[in-house]
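S.K.:
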Amino acid sequence: MPELPELAAFSAYVKTHCLHKTITDVTTSDSKVIHGALSAFKKGLIGKQFSHTERMGKYLVIDLPDDKKLAMHFGLTGSLVYTKNDAESVRFSVVQFIFKDGSVLHWTSIRKFGKLWLLGSLQEDKFLKKLGPDALKISLAEFLSAAEKNKSKNCKAFLMDQAIIAGIGNEYSDEILFQAGIDPHHAMKDLSKNTLTILYKEMHTVLTYACTVRIKSIKKNKENFSMEKDRDAFKASYLQAHRHVDMVCPKNKNHKLKKSTIAGRTSYYCPEDQI
Ligand SMILES: [Zn+2]
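The opening position of the sequence shown corresponds to residue 1 in the numbering used here, with each subsequent residue numbered one higher.
#1: Any chance you could list the residues with Cβ under 7 Å from a heavy atom of ligand 1, keeping chain order?
#2: Cβ of W117 within 8 Å of Cβ of A71?
#3: For P133 and E3, I'd like the C-alpha separation in whole angstroms.
#4: How big is the Cα-Cα spacing for F127 and I98?
#5: Check each candidate in D25, H185, K69 and S260 and name the one with the smallest Cα separation from D125.
#6: Taking 6 Å as the limit between beta carbons, can you name the residues of its chain near H73, skipping five residues before and five after?
#7: Return helix, strand or coil for Q49, following the three-state DSSP convention.
#8: State the beta-bridge partners of D97 as determined by DSSP.
#9: Between H242, G169, V95 and Y209, which lies nearest to L38 when the distance is taken from Cα to Cα?
#10: Relative to the C-alpha of T108, which candidate in L119, A187, G36 and T28 has its C-alpha closest?
#11: Do K100 and K21 have their C-beta atoms closer together than 8 Å?
#12: Determine the closest residue to K193 out of V81, A146 and G120, with distance taken between C-alpha atoms.
#13: Ends of the alpha helix (DSSP H) at D17?
#14: Along the chain, where does the beta strand (DSSP E) containing T205 start, and where does it finish?
#15: According to DSSP, is N154 part of a helix, a strand, or is it coil?
#16: Express the C-alpha separation of S267 and K130 in angstroms, rounding to a whole number.
#17: Cα separation between R243 and L257?
#18: Give me the Cβ distance between D66 and G181, rounded to the nearest whole Å; I'm assuming they're in contact under 8 Å.
#19: Are the Cβ atoms of Y269 and D183 separated by less than 8 Å?
#20: Terminal residues of the continuous beta strand (DSSP E) containing Y268?
#21: Thinking C-alpha only, which one of V104, K216 and F50 is nearest D63?
#22: On the DSSP letters alone, give me the boundaries of the beta strand (DSSP E) that K256 sits inside.
#23: Looking only at its own chain, which residues have a Cβ that is under 7 Å from the Cβ of M247, when we skip the five neighbours before and after it?
#24: Tell me whether S248 sits in a helix, a strand or coil according to DSSP, three-state version.
#25: Note down, in chain order, each residue of its chain lying with its Cβ closer than 8 Å to the Cβ of A288, except the 5 sequence neighbours on either side.
#26: Go to D63, then tell me how far its beta strand (DSSP E) extends in each direction, as first and last residue.
#27: Determine the burial state of N85: buried for a count of at least 16 other Cβ atoms within 10 Å of its Cβ, exposed for fewer.
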C-alpha cells in the first residue's frame with residue numbers, strides 16, 4: 001500500500017506534469033471509486049486547473065479554484081501515470097483526467113480499493129479531519145506525549161494508527177522499528193524515553209530517505225512505479241530490499257529475518273537485532 005514516501009512521490013509527479021493545465025474531460029471505467037455522483041465530480045473538475053498539491057498522510061490533496069479540492073486515496077495498489085497524449089494505453093487505468101494539451105493523468109489501481117472525491121474544507125472532510133499530525137511534521141514533544149497517552153498500544157500499531165501519526169503503514173513501520181532496533185512486539189510502555197527518542201529520530205530518517213528514493217523512482221520509471229518492483233532502489237542496510245526476497249538481515253548476513261503477524265499485519269523483523 002502506498003505510504004507517506006510514495007505519496008510524496010505522487011505529489012511531486014503531479015507538480016511536475018499537471019499543474020495549471022485546463023481539464024477538458026474526466027472519464028472512468030468504474031465510477032464506484034468516485035465518492036458522490038459522477039456528474040457532480042466531472043462538473044467540479046472540467047474547465048478547472050490544478051493549482052497546487054500536497055500530501056496529507058496517505059492522501060493526496062490537489063487544490064482547485066474557489067477553495068475546492070480533489071482528494072485521492074490509493075488503496076492497496078493505486079498509482080498515478082501521466083501520458084503526453086490520450087492514445088497511450090495505461091494498464092489498470094481507472095480514472096483519466098484529460099488536459100487541454102491532450103495529455104492525461106491516469107489514476108490507476110489493480111484492485112480498485114482507493115477512492116477519489118471533491119471537498120470544500122479539509123476540516124470538515126470526514127476522512128481528512130481524523131488524521132493525526134503528519135509523521136514528518138510531528139515534534140518530539142508531541143510524539144512523546146502521544147506515546148504516553150497510548151501506553152498500552154503495541155509499538156507497530158502506534159506507528160500505523162493514522163489518528164495518532166499520519167502517513168505510516170505496514171512496510172515503513174517495519175523499516176522504522178528495524179532501524180531503531182526495537183522488537184515490534186513491544187507495547188509503548190515497554191520503551192524508555194531514550195528508546196522513544198531513537199524511534200522518533202529513525203521515523204524521520206527513514207521517511208525522509210524513502211521520500212528521496214521514491215521521488216527519484218517515479219521520475220525514472222513512471223509506468224512501473226510500485227513498491228514491489230523497486231525494492232532494490234533502497235540502500236543495502238534497509239529491510240526493504242530483503243523482506244519477501246531473501247529474508248537475510250541487512251545488518252548481519254548470519255541473521256535470518258522473521259515473519260509474523262503483529263498488529264494484524266504481516267511483519268518482518270530481525271529477532272537478533274531488534275530487542
Ligand atoms: Zn539482524
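Each residue gets a CB set at the ideal place from its N, CA and C atoms; glycine is no exception.
M.R.: This is what the structure holds:
#1: Here the list is C249, K251, N252, H255, C270, E272 and D273.
#2: Counting from one through the sequence shown, the residue named residue 117 turns up at place 117. Counting from one through the sequence shown, the residue named residue 71 turns up at place 71. At a Cβ-Cβ threshold of 8 Å, W117 and A71 count as neighbours.
#3: Start at 1 with the first residue of the sequence shown, and residue 133 comes out as number 133. Start at 1 with the first residue of the sequence shown, and residue 3 comes out as number 3. In a straight line, the C-alpha of P133 is about 15 Å away from that of E3.
#4: On the sequence shown, residue 127 is found 127 positions in, with the first residue counted as 1. On the sequence shown, residue 98 is found 98 positions in, with the first residue counted as 1. F127 and I98: Cα-Cα distance of roughly 26 Å.
#5: Taking the sequence shown and counting its residues from 1, one reaches residue 125 at position 125. Of D25, H185, K69 and S260, the residue nearest in Cα terms is K69.
#6: Sequence index remark: in the sequence shown, residue 73 carries index 73 (1-based). Taken in chain order, the residues that qualify are Y59, G114 and K115.
#7: Locating residue 49 in the sequence shown gives position 49, counting from the first residue. Taken through DSSP and simplified to helix, strand or coil, Q49 comes out as strand.
#8: Taking the sequence shown and counting its residues from 1, the one referred to as residue 97 is at position 97. The identity of residue 97 in the sequence shown is Phe, whereas the question assumes Asp. Partner(s): V26 and L105.
#9: Sequence index remark: in the sequence shown, residue 38 carries index 38 (1-based). In terms of Cα proximity to L38, the closest of H242, G169, V95 and Y209 is V95.
#10: Within the sequence shown, numbered from 1, the residue matching residue 108 stands at position 108. Nearest C-alpha to T108: T28.
#11: Here residue 100 is taken as the residue at index 100 of the sequence shown, counted from 1. Here residue 21 is taken as the residue at index 21 of the sequence shown, counted from 1. In this structure, the beta-carbon distance from K100 to K21 falls below 8 Å.
#12: Translated into positions along the sequence shown, residue 193 becomes position 193. Ranking V81, A146 and G120 by CA distance to the CA of K193 puts A146 first.
#13: To locate residue 17, count along the sequence shown from 1; it is residue 17. Note that residue 17 is His in the sequence shown, not Asp. L4 to H17 is the span of the alpha helix (DSSP H), which, as asked, contains H17.
#14: Residue 205 sits at position 205 when you count from the first residue of the sequence shown. From DSSP, T205 is part of no beta strand (DSSP E) but of the alpha helix (DSSP H) over K193 to K220.
#15: Within the sequence shown, numbered from 1, the residue matching residue 154 stands at position 154. When DSSP states are grouped into helix, strand and coil, N154 belongs to the strand group.
#16: Walking along the sequence shown from the start, residue 130 turns up at place 130. Walking along the sequence shown from the start, residue 267 turns up at place 267. When only Cα atoms are considered, K130 and S267 end up about 25 Å apart.
#17: For the purposes of this step, residue 243 is identified with residue 243 of the sequence shown, where counting begins at 1. For the purposes of this step, residue 257 is identified with residue 257 of the sequence shown, where counting begins at 1. Cα to Cα, the separation comes out at about 8 Å.
#18: Counting from one through the sequence shown, the residue named residue 66 turns up at place 66. Counting from one through the sequence shown, the residue named residue 181 turns up at place 181. The pair is not a contact, with the Cβ atoms about 50 Å apart (cut-off 8 Å).
#19: Taking the sequence shown and counting its residues from 1, one reaches residue 269 at position 269. Taking the sequence shown and counting its residues from 1, one reaches residue 183 at position 183. Between Y269 and D183, the C-beta spacing is below 8 Å.
#20: Position 268 of the sequence shown, counting from 1, holds the residue named residue 268. R265 to Y269 is the span of the beta strand (DSSP E), which, as asked, contains Y268.
#21: Here residue 63 refers to the residue found at position 63 of the sequence shown. For the residues V104, K216 and F50, the minimum Cα distance to D63 belongs to F50.
#22: The residue you call residue 256 lines up with position 256 of the sequence shown. Note, K256: premise wrong, no beta strand (DSSP E); not H, not E.
#23: Walking along the sequence shown from the start, residue 247 turns up at place 247. Counting only Cβ-Cβ distances below 7 Å, and skipping sequence neighbours, we find K256 and L257.
#24: Walking along the sequence shown from the start, residue 248 turns up at place 248. According to the sequence as given, residue 248 is Val; it is not Ser. Residue state, collapsed to three classes: strand.
#25: Summary: the structure shown does not reach residue 288, with the chain confined to residues 1 through 275, and so no result is reported for it.
#26: Taking the first residue of the sequence shown as position 1, residue 63 is located at position 63. Residues Y59 to D63.
#27: Against the sequence shown, residue 85 aligns to sequence position 85. So N85 ends up on the exposed side.
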